[in-house]
Amino acid sequence: MARLKLTECPHCLTHVLPGRDGLCPSCHESTADAPLNPMTKLRVGADTPVVDMCCTCARQTDERETITLRAAVGPTGFMRFLWMVLVTIFFFKAWRAFTQGERGRTPALEAHVGRCRECRRRGELIPEHVNRETDKVTLLVRREYRDLVEQRAKKARAPREARS
Ligand SMILES: [Zn+2]
Ligand SMILES: [Zn+2]
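In the numbering used here, the protein residues as written are 33 to 196.
The following block contains the structure:
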């Protein structure tokens, strides 16, 4: 299978195939001129290795931050919106009790990342993107942190690959 060479755009951090003019097809900025962005995107799930580094400032730390995602419940899309409007107006309390009870029964995703106390005090990590199908969240992390996680993940896979 032929693989296209993707470049990480230093402006929007998306992996893109720059045009002949070097422009990012996503944000239309030049992918060549800007210095490497210290932050990058990392997809994190329950099975992602955790390393002893703060993902925000790249300092060494054994502290962790947990990202918790509750499973979505109920109908989706427009029906859900309509339903929520109606129910919010008339049965706010009952609805809240219902959804909280429902959420309590569905398994939630918990992912962990290394993050120092100081950075956690400044605010919790907000996922850039949440993928409910793969149960992964996309976070903005330091490039060093991502490299370390990828190394660790590769090492974890290596014994299995050696046997096959
Ligand atoms: Zn871009
Ligand atoms: Zn930090």
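Glycine included, C-beta positions come from ideal geometry on N, C-alpha and C.
Distance from the Cα of ALA78 is smallest, within the candidate group THR166, CYS41, SER58, for THR166.
Residue THR98 holds the alpha-carbon nearest to the alpha-carbon of VAL169 among CYS151, LYS187, THR98, GLU150. Applying a distance threshold of 7 Å between residue Cβ atoms and the heavy atoms of ligand 2 selects CYS86, THR88, CYS89, ARG91, THR93, ARG147, CYS148, GLU150, CYS151, given in chain order. Listed in chain order, the non-local C-beta contacts of LEU55 below 8 Å within the same chain comprise GLU61, SER62, THR63, local neighbours out to five positions each way being set aside.
CYS151 and THR100 do not touch by the CB rule: their CB atoms are close to 18 Å apart, not below 8 Å.
Between the alpha carbons of CYS44 and ASN163 lies a distance of about 19 Å.
According to DSSP, residue pairing for ARG174 in a beta bridge involves MET71. Relative to ligand 1, even the nearest heavy atom lies 8 Å or more away from the CB of THR98. Less than 9 Å divides the Cβ of ALA185 from the Cβ of THR80. The beta-bridge partner set that DSSP reports for GLU97 consists of VAL145. With a threshold of 8 Å, the Cβ atom of VAL48 counts as near ligand 1, since some heavy atom of the ligand is closer than that. The C-beta distance from ARG147 to CYS59 rounds to 27 Å, too long to meet the 8 Å contact threshold.
Proximity of the beta carbon of HIS43 to ligand 1 is indicated: a heavy atom of the ligand is located closer than 8 Å. Looking at the backbone, the Cα of ILE158 and that of LEU171 are separated by about 7 Å. About 6 Å separates the Cβ atoms of ARG174 and PRO70, confirming a contact at the 8 Å cut-off.
For LEU180, the number of other beta carbons within 10 angstroms of its own is at least 16, and it is reported as buried.
Using a cutoff of 8 Å, the CB of THR63 counts as near ligand 1, since one of the ligand's heavy atoms is closer than that.
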